[in-house]
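Quick mapping for you: the protein sequence lines, in order, are chains B and G. Take the first sequence: its letter number 347 is residue 329 in my numbering, and every next letter is one higher. Each number in my numbering comes from the position in the second sequence (counting from 1) with 11 added on. All C-beta atoms, glycine included, are put in the ideal place defined by N, C-alpha and C.
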Amino acid sequence: MTAPMLEVRNLVKHFPVARTLSELLARKPPKVVKAVDGVSFTLARGEVLALVGESGCGKTTIAKTLIGLEEQTEGDILFNGQLVGAQARRVRAAMLTLETTRRSLEDPKTLPARLALRALRQRAQMVFQDPYESLNPRATIFEIVSEPLEVHGLARKRAERLASVTAALEDAGLRPAGDYLFRYPHELSGGQRQRVVIAAAMVLQPELLIADEPVSMLDVSVRAEILNLLRDLRRSRGVSLLFITHDLSTVAYFADRIAVMYLGRIVEIGPTRDVLSNPQHPYTKALLSVVPVPNPRLRRRRVILQGETPNPIHLPSGCRFHPRCPVAFDRCPNVDPPLVMVGERHAAACLLVNGQ
Amino acid sequence: MFPLSTSTPQPLLRVRHLSTDFVSADGAVAHALEDVSFDVYPGEALGLVGESGCGKTTTMLSLLRLLPAGGRIVSGQVWYDGVDLLTLSEREMRRYRWKEMAMVFQSAMNALNPVYTIGHQIREAILLHEDVDRAAADRRVTELLDLVGIAASRKEQYPHQYSGGMRQRAMIAMALACRPRLLFADEPTTALDVMVQAQVLELLKKIQKELGLALVLVTHDLGVVAEACDTVAVMYGGKVVEYGPADRVYNAPQHPYTQRLLEAFPDLNRPGDSLASIPGYPPRLNALPPGCRFEPRCHKRLEVCAQVAPKLIDVSQFQEAGSRKEDEAISSFILRPSSYKHIAACHLCSGPEAVWL
């Protein structure tokens, strides 16, 4: 078997929290937010993996760490079998030690690492949630979509850039591209803007596209178009997709596998069909039961968890889901369950599965 | 055979032929609402559903007469318990707001005042509208918070100390402060996480049942409407294009827009199905197409659609193929006459013209 395109091993990302003056005086230990706390997964070429969870579960932090916008606290990220996390770290360290960013950019010593990070970014691109905020309002669509080409020095001549941008826009469903090239974002609707964002990500022909809630800001009728577009891109380009969302019904529509996250951990991961039809973790079951079904005849018994996700500074002991778990028992506060296989490629982290 | 009661229930709210315009600073007129009619019965939940810009929020603000500057109601009537709210003076109208009809706003963070405690803000609403002393108002605040599941100990906390879900609960408590009979909720669950969304929706349903409230739920989320509403009004381009009992609208939609919207909504029960999308974009309200407003995007359009605006057709007689729900429909008809009224505005629908009396 060939190596997976992306492999994440035991990824940890902790954010320090500033101490208050009284805490400093009392010499209290510094607090950390454990945003991502030991996450491992792989992504094969052309595969769509959905990271699902509520806000604060760490799914966006994972995305940012993958493309080097955040530096991981621990763990390895391998892209086509190559370690990339360390490179990002070295670049950042070099930048911090020098007086100015400008000087560090000129420093030949950091060059290989910078090039490696840049190469990674060329192969892994991100689509952000809000197309109203992720586009520069003062740049034309051509400038926005061609900027990645300039940054990566790919198309030096304007004619080449024009050709690449035109192709990317048309692939993203903005046809004919000529109608859009020299317009500004405010002239476009939300759905069109999100297509521009996707075109700007795809213009580099990346192998991995990370989409962070790409449709949650859009209306239902437009949402379907964008989802269909992402699905088509995956088919025609073989691009892998890490799809981050809180909406399980969207995921059901096109992910190959689902990873359900809770408080910085993956609690269940497996093929979409298995996770949806045979969920093993009580959190997955609850999440599935509250997904609104667009049919009044199918109103079901819903497992509504009480309270809200705990603060990731003070994680519960044992299984971090136990305070809200409807089926928790005496061992749950004491044992932190690992992910165990519950089927072919299907794993869950709960003491109740597979007689742990 | 039918246990017909002697008095048929009367709608609490009857909206008839409501049209609202917005006039911009340069004098341009946008027809935000045109000929909107619907009923809300006591204890019934109506879902006003549609995409952004379809006029659902304008409908609600028109009913409450809270339109922003530039908005004006051009024609129509809004009967609340036998009184046409549009004929009242501003002073008389104030007696209806909050005491009779209250509202839960979309963004709880912006609707709550950050410099006053939650308890203070709810108390203020009570003292403003009711002739009670502070102690009685305070007792009522505790009751209300208890009703929405907030501990009394958090009464004197500020909005920033509340989580998103709790703020939305506090908003609901505030709306209930003066025991209204009709509650408007504008996208009450939109900015919330799925689980918190479910909690808030469950709370709204519980309160509606316990207090016998009529509820108008304004949302773009078809799933939320399916979970919580008895009746649905689907809006598009400032008009109600389909109106009927939720079961009928979801399982036998008659308007092509409703049909496509339902097909575009991802459903967990049909994973992997390809999603329908609606090409194009909703019409601009200052440049509406002359015929059916959905015509430019419609997959079933006829020649006539571009020229003539469709009438409202009563499609109640339409029988869903193989439907075993007719008995249920009849029983709910006895409870709520409106629940048997199914109307669609499309040239493809056949039936008598619907009449809103």
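Check, Outcome
"Please report the residue range of the beta strand (DSSP E) in which GLU45 of chain G lies.", "40 to 51"
"Whole-angstrom Cβ separation of ALA43 of chain G and GLY249 of chain G, contact assumed at under 8 Å?", "5 Å"
"What are the boundary residues of the alpha helix (DSSP H) that GLN210 of chain G is part of?", "205 to 222"
"Please list the partners that VAL227 of chain G has in chain B, where partner means a Cβ-to-Cβ separation under 7 Å.", "The premise fails here: VAL227 of chain G is roughly 17 Å from chain B at the closest Cβ pair, so nothing lies under 7 Å."
"Using DSSP with H/G/I as helix, E/B as strand and the rest coil, what is ARG335 of chain G?", "Interpretation of ARG335 of chain G is limited by its pLDDT of 43, a score under 50 that renders its predicted location unreliable; no figure is taken from the coordinates."
"Is ILE161 of chain G closer than 8 Å to ALA181 of chain G when the C-beta atoms are compared?", "yes"
"Do three or more CB pairs link the stretch 321 to 329 of chain G to the stretch 285 to 299 of chain G at distances below 8 Å?", "no"
"Going straight from the alpha carbon of THR232 of chain B to that of GLU274 of chain G, what length do you get?", "13 Å"
"Closest to MET71 of chain G by C-alpha separation, out of G:ILE137, G:GLN219, G:LEU228, would be which residue?", "G:LEU228"
"Give, in chain order, every residue of the stretch 198 to 223 of chain G whose Cβ lies closer than 7 Å to some Cβ of chain B.", "ASP204, VAL205, MET206, VAL207, ALA209, GLN210, GLU213"
"As an exercise, report each continuous beta strand (DSSP E) stretch of at least 3 residues that is fully enclosed by the stretch 234 to 292 of chain G, in chain order.", "242 to 247, 250 to 256"
"With distance defined between alpha-carbon atoms, name the residue in B:ALA310, B:ASN293, B:PHE110 nearest to ALA17 of chain B.", "B:ASN293"
"Using a cut-off of 8 Å between C-beta atoms, extract the partners of TYR91 of chain G located in chain B.", "Within chain B, no residue comes near TYR91 of chain G; the closest Cβ sits about 27 Å away, beyond 8 Å."
"Grouping DSSP H, G and I as helix and E and B as strand, with all else coil, what is GLN54 of chain B?", "coil"
"Could you name the residues of chain B that PRO277 of chain G contacts, counting a contact when the two beta carbons are closer than 7 Å?", "SER231, THR232, ALA234, TYR235"
"Pick out the complete alpha helix (DSSP H) segments inside the stretch 172 to 259 of chain B, 4 residues or longer, and give them in chain order.", "172 to 184, 202 to 219, 230 to 236, 254 to 259"
"Look at the alpha carbon of LEU24 of chain G and the alpha carbon of TRP90 of chain G, and state the distance between them as a whole number of angstroms.", "6 Å"
"Under the rule that 16 or more other beta-carbon atoms within 10 Å means buried, what is ASN316 of chain B, buried or exposed?", "exposed"
"LEU223 of chain B: which of B:ARG281, B:VAL202, B:GLN187, B:GLY172 sits nearest, CA to CA?", "B:GLN187"
"With a CB to CB cut of under 6 Å and the five nearest residues on each side skipped, what residues in its chain are close to THR266 of chain B?", "VAL242, GLU250"
"Report buried or exposed for ILE295 of chain B, applying the criterion of at least 16 other Cβ atoms within 10 angstroms of its Cβ.", "exposed"
"Provide the residue span of the beta strand (DSSP E) that contains ALA339 of chain B, from first to last.", "No answer is possible for residue 339 of chain B: it lies beyond the span of chain B, which begins at -17 and ends at 338."
"What's the call for ASP258 of chain G, buried or exposed, on a 16-neighbour Cβ count within 10 Å?", "buried"
"At the 8 Å Cβ level, is SER327 of chain G part of the contact set with chain B, yes or no?", "no"
"Assuming VAL127 of chain B is part of the beta strand (DSSP E), what are its boundary residues?", "Per DSSP, VAL127 of chain B belongs to no beta strand (DSSP E); it is in the alpha helix (DSSP H), 123 to 133."
"Within the same chain, show all residues whose beta-carbon is closer than 6 Å to that of ALA181 of chain B, passing over the 5 residues directly before and after it, in chain order.", "VAL127, ALA150, LEU151, ALA154"
"Compare the beta carbon distance of GLU253 of chain G and LYS322 of chain G with 8 Å and say whether it is the shorter of the two.", "no"
"What residues of chain B sit near HIS231 of chain G, judged by a beta carbon separation below 9 Å?", "ASP201, VAL202"
"ILE137 of chain G to ARG145 of chain G, Cα distance in whole Å?", "9 Å"
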